[in-house]
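If you count by full-length UniProt numbering, then the sequence shown holds residues 1 to 274, one letter each, in order. For every residue, glycine included, the Cβ atom is placed at its ideal position computed from N, Cα and C. Please read these numbers as outputs of a predicted model, since none were measured by experiment.
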Amino acid sequence: MPAPRTVLLTGAAGGLGTLMRDLLPEYGYQLRLLDLRPVEGEPDSIVADLADREALREAVRGVDAIIHLAGISLEAPFEKILRANIEGTYNLYEAAREEGVSRIVFASSNHAVGFTPRPEGTAPHDAGALIPVDTPRRPDTFYGLSKSFGEDLAQFYWDKYGLETVSVRIGSCFPEPTSVRMLSVWMSPADGARLFHAALTAENVGHTVVYGSSANTRLWWDLTTARALGYEPRDDSEPYAEKLIAEQGELDPENIAHAYLGGHFVSDPPIWPY
Ligand code: NAI
Ligand code: 15L
C-alpha cells in the first residue's frame, strides 16, 4: 500500500487527539479532524457523532487511512458504551468499507486484557514473563469489553473484506506518568506518534494487535509485535520512578487495584463519574 498521507483522526478534540494533532503532521500527514465537539482553533474540523452514518461516509471519503480515537475513554453505563464504542466503531468500519479506505489504526486499550495478572516479582522482567498479545482477552469493564469487541470487529473486517487494522492496546498516553502503575504502562506522546506512524506505514499488517507503550524499564507486556511494524520507542518512564514511589509507595500485590494490568479499572463498583 502507498504511504498514507491524508488521515482521518477521530476523537481529535480529546486528550490523545490533541497530542497527536501536534505531533503527527511532522511525519507528513494531512489530518482531517472529527469529533463530537468542535476542535478548538480548527474551524474545518468535522463535528459529527459516530452514530451518524451519513456523516461518517462523507468524513472518510478520499482519506488514505483512519486513526480511530473517538469514543468513551473510561468506564460508563453499558448503554452509553454500546452506542459510542460498539455501534460507533461498527459504523466507522462500515463507512470505511463502503468508501474503500484500506487501513484503520484502532485505539484499543490495555483494559481489553485488564484482568490479566501483572508479571510477578521485581522489574525489569525477563522477556518470558512479559504478557504476550495473544494472551486471552480478559476485559475489566464494559469499556474494556468494547475494546475487545473492536479488536474482533477489526479481525472480521480483515478476514471478510481485506480492510487492514492495527489495534493498539494503549497503556497510558499522557505527557507524564502520574502513578506507580503508569511506570509500567506509560506511552510518551512522542512514542505514541512513532507507533501510530509505524502502524500507518508498515506493509501487510492484516489485523495486527500491539501493545502501546514506551520502552519502560518496568514494562509488563511484550512489544515484539509493535517493533515488528518498525516501531522503535525512545522513551522510558524510569526518570519519574523515584518521585512517584516516594509519594505513592511500591505496588502492593495484596491490593486488587495493583495486581492486574488494568489497575483500578478492575475494582468494584466499576462505574465512576467521568
Ligand atoms: P478522550 O475522552 O479525551 O477523547 C475522546 C474523544 O472522543 C472526545 O473528544 C469525545 O468528544 C470524542 N467522542 C466521544 N464519543 C463520541 C462520539 N459518539 N462521536 C464522536 N466523537 C466522540 O480520550 P483520550 O484519552 O483522548 O483517548 C482516545 C482514545 O484512545 C479512546 O478511544 C480511548 O479509549 C483510547 N485509549 C486512550 C488511552 C490514553 O492513555 N489516553 C489509553 C487506552 C486507550
Ligand atoms: C484507558 O484506556 C483510558 O482511556 C485512559 O484514560 C487511561 O485510564 C488508561 O486506559 C490507563 O489504563 O491508564
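Residue range of the beta strand (DSSP E) that includes residue i
| i | result |
| --- | --- |
| A215 | That residue, A215, is in no beta strand (DSSP E); it is neither H nor E in DSSP. |
| L33 | Q30 to D35 |
| T10 | T6 to T10 |
Endpoints, alpha helix (DSSP H) assigned at residue i
| i | result |
| --- | --- |
| A226 | T224 to A228 |
| T201 | P189 to T201 |
| L69 | It is not in any alpha helix (DSSP H) - L69 carries neither H nor E in the DSSP assignment. |
| L244 | A241 to Q248 |
| R53 | R53 to V60 |
| E87 | Per DSSP, E87 belongs to no alpha helix (DSSP H) and is neither H nor E. |
| D22 | G15 to L23 |
Between the CA atoms of residue j and residue i - distance to the nearest angstrom
| i | j | result |
| --- | --- | --- |
| P38 | T10 | 12 Å |
| N91 | G249 | 44 Å |
| E75 | A202 | 32 Å |
| T122 | V113 | 21 Å |
| V209 | E58 | 28 Å |
| E99 | A107 | 21 Å |
| Y274 | F78 | Reliability fails at Y274, whose pLDDT of 27 lies under 50, so the model's placement of it is uncertain and no value is given. |
| M20 | F196 | 9 Å |
| A215 | V205 | 22 Å |
| L229 | A199 | 6 Å |
| S146 | I81 | 7 Å |
| I271 | F115 | For I271, the pLDDT reaches just 38, beneath the cut-off of 50, and the residue's location in the model is therefore unreliable, leaving the point undetermined. |
| A259 | A55 | 42 Å |
| E164 | E247 | 43 Å |
| G17 | T224 | 25 Å |
| G28 | P253 | 44 Å |
| W158 | H207 | 6 Å |
| L24 | A84 | 25 Å |
| R118 | S213 | 15 Å |
| G15 | E120 | 32 Å |
| residue 342 | P175 | For the chain, the structure presents residues 1 to 274; residue 342 sits outside this window and is missing. |
| D44 | L251 | 45 Å |
In DSSP terms, what residue i is bridged to
| i | result |
| --- | --- |
| S109 | I170 |
| W186 | S172 |
| H207 | T165 |
| R103 | E164 |
| V47 | D35 |
| I131 | W221 |
| P117 | Y260 |
Cβ neighbour criterion (16 or more within 10 Å) applied to residue i
| i | result |
| --- | --- |
| Y211 | buried |
| V47 | exposed |
| R5 | exposed |
| Y161 | exposed |
| A3 | exposed |
| G71 | buried |
| I67 | buried |
| E151 | buried |
| I245 | exposed |
| R194 | buried |
| residue 275 | Lying outside 1 to 274, the shown extent of the chain, residue 275 is not represented and no answer is given. |
| P233 | buried |
| N110 | buried |
| G192 | buried |
Proximity test, residue i beta-carbon vs the ligand GDP heavy atom, cut-off 6 Å
| i | result |
| --- | --- |
| G11 | You won't find the ligand GDP in this model; what it holds is the ligand NAI and the ligand 15L. |
Within 8 Å, do at least three Cβ pairs link the region 222–240 to the region 185–201? Yes, the region 185–201 is in contact with the region 222–240.
Is it true that the region 122–139 meets the region 22–40, where meeting means three or more beta-carbon pairs spaced less than 8 Å apart? no
Sufficient close CB pairs (3 or more, under 8 Å) joining the region 79–93 to the region 45–63: yes
With a threshold of 8 Å, are at least 3 pairs of Cβ atoms found where one atom belongs to the region 174–181 and the other to the region 142–155? no
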